[in-house]
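K.L.:
This is the structure I have questions about; it appears just below.
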Amino acid sequence: MVSDVENLKVLHVTNVSGYATADQIRSLFKIAGRIDDFAVYPRVSTSEDNPKMAFIKYEKRKSLETAQHLTNTVFLDKALCCVPFPFPDIPKEDDAINNSGPVVIGKRCLPSHVTNSIKQLDDGTEMLYTTDPDMEALGLPSYPPLPGNTELDVVEEIRRTIYISNIPLDVDGQEVVEFFNDAFGEVMYFRMCQINGTDKCNYGYLEFSNQISVPIALQNSGIEFKGNALRITHSRVRIVKPQKKTNEQVLEEIKEASKNQNDKDETTAISVLVKRPRSRSIERERKESKRSPIKEKRRRSRSREKRRRTRSPSKEYKDRKRRERSKSRERRRRSRSRDKKSRKRSRSRDRHR
1 MVSDVENLKV LHVTNVSGYA TADQIRSLFK IAGRIDDFAV YPRVSTSEDN PKMAFIKYEK
61 RKSLETAQHL TNTVFLDKAL CCVPFPFPDI PKEDDAINNS GPVVIGKRCL PSHVTNSIKQ
121 LDDGTEMLYT TDPDMEALGL PSYPPLPGNT ELDVVEEIRR TIYISNIPLD VDGQEVVEFF
181 NDAFGEVMYF RMCQINGTDK CNYGYLEFSN QISVPIALQN SGIEFKGNAL RITHSRVRIV
241 KPQKKTNEQV LEEIKEASKN QNDKDETTAI SVLVKRPRSR SIERERKESK RSPIKEKRRR
301 SRSREKRRRT RSPSKEYKDR KRRERSKSRE RRRRSRSRDK KSRKRSRSRD RHR
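With UniProt numbering applied, the sequence shown corresponds to residues 1 to 353, in that order.
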C-alpha cells in the first residue's frame, strides 16, 4: 500500500479567491517544488465572488507534503484549504466541479485501505473504530476507539497524530520536529505540553502529513533521543490549530519543510503572499531595479553624453557673447577716435578766426 501512496502527488486546493489568476496560484505553490501539471477550475468564471479550486501535480511526493503547510494561508481574500488528492492524476473539470466519485471536496481522506466503522456497545453507546490492515500485519496496537459522533475530518487528523512521552527536558520543540521529520516522515504540527506552568516539558502531540508515517513511528517506540528512550503511542485527540495563518507563519513553515530540497524558492513565497496584486508601476520599478551592471553603465554613459551635449551649446553661447563684447568695445574705440578728431578740427577753426 505504501508504494501506491508514494504515487499520489496531486494537491487539491479549495476556497481559492475568485480574483486570483492561474499565474498567481502557480507562483504560490511552486515554492514547494517542481510542478508537473496544473489546473484551475472553473476555467471560465462567471463571477469573481465565487471561489475557485486548483489541482497541482508535483514531480515529487515530498513537494506534495510540503505544500500542505499552505493550509489556512490567507491568499488575497480567502484562507486556502490544501489536501492530498487520492488519485494519481488531475481530474477533468466536470468531474471536479460535480464532485463525482468518493472524493469529498476540501476534505482530507484516509488511505483507501484504512476503514472506519461504527459499533454499538452493550450500554447503547456508539463508538467509531478505525482498522488498518498494515498495522495488524506488523503486530502494532490498533487505533483507540472514538465517540461515534466524531466528524470524519477530525478522525482523519487524529489518525495522523501520535503521542510522545519521555522527551528530555532540555530540548525545544524544533529539535523534536527535526528528529521525527528525518526519521519517520513529514511533520505537519507539533505541540509541546507544559508541566507546572514552565516552558519545559516531557511529552507532546505530533501530527504527520501522511497516515503512513504513523505505523513507522510506532515500530520505533523506545528510540533514543538526546539520551532518553521515547515512548510513542496512538493519540486520542487532535492538535488544536489556529484558524488562519499569518504570512510570516506560512513562510516559516515552508522554509522548514523545504530546507532539504534543492528546488525551493523562498523569494517567490515572499513576493506571492500579498493582499492584492501588484500594480504595473511596481512591476516597472522591479524590472528597472534588476538591470544588469552593463546596462546601468550604458545608462550612465548616455546621461553623461546628454550633459555634454547640453554643455556644448553653452560654450558656443559664451563665445558668441565674447565676440559681441569685443565688437562693442571696437565700436566704442572708433566712437572715441571720431570725437577726438572732431574736437581737434573745432580748435583749429577757432585759431584761424
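Ideal placement from N, C-alpha and C gives every residue a C-beta, glycine not left out. What you are looking at is a predicted structure, and each value in this text was computed from that prediction instead of being measured.
1. Along the chain, where does the beta strand (DSSP E) containing residue 208 start, and where does it finish?
2. Report the rounded CA-to-CA distance for residue 134 versus residue 45, giving the unit in angstroms.
3. Is it buried or exposed for residue 97, if we count other Cβ within 10 angstroms and need 16 for buried?
4. What do you get for residue 17, buried or exposed, if any count of 16 or more other CB atoms within 10 angstroms of its CB means buried?
5. Tell me the residue span of the alpha helix (DSSP H) that contains residue 66.
6. Can you say whether residue 30 is buried or exposed, counting buried as having 16 or more other CB atoms within 10 angstroms of its CB?
7. With the cut-off set at 8 Å, would you say residue 141 and residue 127 are in Cβ contact?
8. Would you report the Cα separation of residue 227 and residue 49, rounded to the nearest angstrom?
9. Between which two residues does the alpha helix (DSSP H) holding residue 181 run?
10. Any idea what DSSP makes of residue 119, helix, strand or coil?
11. So, are the CB atoms of residue 210 and residue 185 less than 8 Å apart?
12. Quick check on DSSP: helix, strand or coil for residue 16?
13. Between residue 53 and residue 78, what straight-line distance do the alpha-carbon atoms span, to the nearest angstrom?
14. If you measure between the beta carbons of residue 233 and residue 129, is that distance less than 8 Å?
15. Which same chain residues, not among the five before or five after residue 117, have their C-beta less than 6 Å away from its C-beta?
16. How big is the Cα-Cα spacing for residue 230 and residue 156?
17. Please report the distance separating the alpha-carbon of residue 269 from that of residue 111.
18. List the DSSP bridge partners of residue 57.
19. In this structure, does DSSP put residue 191 in helix, strand or coil?
20. Using CA atoms only, rank isn't needed, just tell me which of 161, 193, 37 and 89 is closest to residue 238.
21. For residue 145, collect the residues of the same chain with a Cβ closer than 6 Å to its Cβ; drop the 5 residues on either side in sequence, then sort them by chain order.
P.N.:
In short:
1. Taken as a continuous stretch (DSSP letters only), the beta strand (DSSP E) holding residue 208 covers 203-208.
2. 44 Å
3. exposed
4. buried
5. Element bounds for residue 66: 61-67.
6. buried
7. Contact flag unset, no.
8. 55 Å
9. 173-183
10. strand
11. Residue 185 is positioned such that its CB atom lies closer than 8 Å to that of residue 210.
12. strand
13. Separation of residue 53 and residue 78 (C-alpha to C-alpha, rounded to the nearest whole angstrom) is 12 Å.
14. no
15. These residues qualify, in order along the chain: 129.
16. 24 Å
17. Bear in mind that a pLDDT of 45 at residue 269, under 50, signals an unreliable position, so the number given afterwards is only what the model happens to contain. If I take the Cα positions, the gap works out to 30 Å.
18. 10 and 37
19. Strand.
20. 161
21. 127 and 129
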